[in-house]
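J.: A single structure is presented below for examination.
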Amino acid sequence: EAAQIESRAGCGALACVVARSGLYVASVGLGRAVLGTEEGSGLTVPGLNDQSTIFCDEASSPHTSTSESEQARLTDTDSTSRAALPSSLPSRLLGAPDLKKAHPGVIGLPDVVRIEHAEGQRFVLLGSPDLWVAGPRLPVLWVVEAYREGRCPATEWIRR
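Its first residue numbered 74, the sequence shown is counted upward by one per residue in this note's numbering.
Put into structure tokens, the structure is as follows:
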């Protein structure tokens, strides 16, 4: 059984590039990227008393067979003769040739998102799946708190 699991091994990847033309986020797998903007638009982070508001927008979405966009993509894939992809496995990942053979909908092609530069963009959080286990709000709260107190958000994230 261990050999079977090993043959399915793969990994995700998350990258962010800041260029003159914008912020580019590429993702494969279950990692997430969140863009923090001060006085922008998006989802607010309540619970922190400050005169300004930090809005946090997802710049990527985890690739699972339960996400709406991935369900549509998987439906378009001819996999009638193969078993359905279990929800515990990512629908996009690097490596894992045996898994990709058994589930032709599993691909290694990343989603790439371009976000135009805007006034107030303050930070980008890039996190592996283990960081988000406690839910999507908690890591964001840690980083916003560190940012507002003048501490390095990355250091705060690692300390937790």
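Ideal Cβ placement from N, Cα and C applies to all residues, glycine included.
1) Give the secondary structure of residue 179 by DSSP, where H, G and I count as helix, E and B as strand, and everything else as coil.
2) Under a three-way DSSP split, which group does residue 202 fall into?
3) In whole angstroms, give me the CA-to-CA distance for residue 136 and residue 86.
4) Determine the closest residue to residue 130 out of 211, 149, 107, with distance taken between C-alpha atoms.
5) Would you check if the distance between the CB atom of residue 198 and the CB atom of residue 216 is smaller than 8 Å?
6) Buried or exposed: residue 176, going by 16 or more other Cβ atoms within 10 Å of its Cβ?
7) For the putative contact between residue 98 and residue 140, defined by C-beta atoms under 8 Å, what is the C-beta separation to the nearest angstrom?
8) Using 10 angstroms around the beta-carbon of residue 114, count the other beta-carbons present and answer buried if the total reaches 16, otherwise exposed.
9) In the DSSP output, which residue or residues are listed as bridge partners for residue 212?
10) Is the beta carbon of residue 165 less than 8 Å from the beta carbon of residue 182?
T.: According to the structure data:
1) Per DSSP, reduced to three states, the secondary structure at residue 179 is coil, with no helix or strand assignment.
2) DSSP places residue 202 in helix when its eight states are reduced to three.
3) Their Cα atoms are separated by approximately 11 Å.
4) When only C-alpha atoms are compared, the closest one is 107.
5) Yes, they are a contact pair.
6) Residue 176 should be labelled buried.
7) Wrong, their Cβ atoms sit about 16 Å apart, outside the cutoff.
8) Low confidence applies here, because residue 114 scores a pLDDT of 43, under 50, leaving its location unreliable and the question unanswered by this model.
9) Answer is none; residue 212 lacks a bridge partner.
10) Yes, these two residues count as a Cβ contact at 8 Å.
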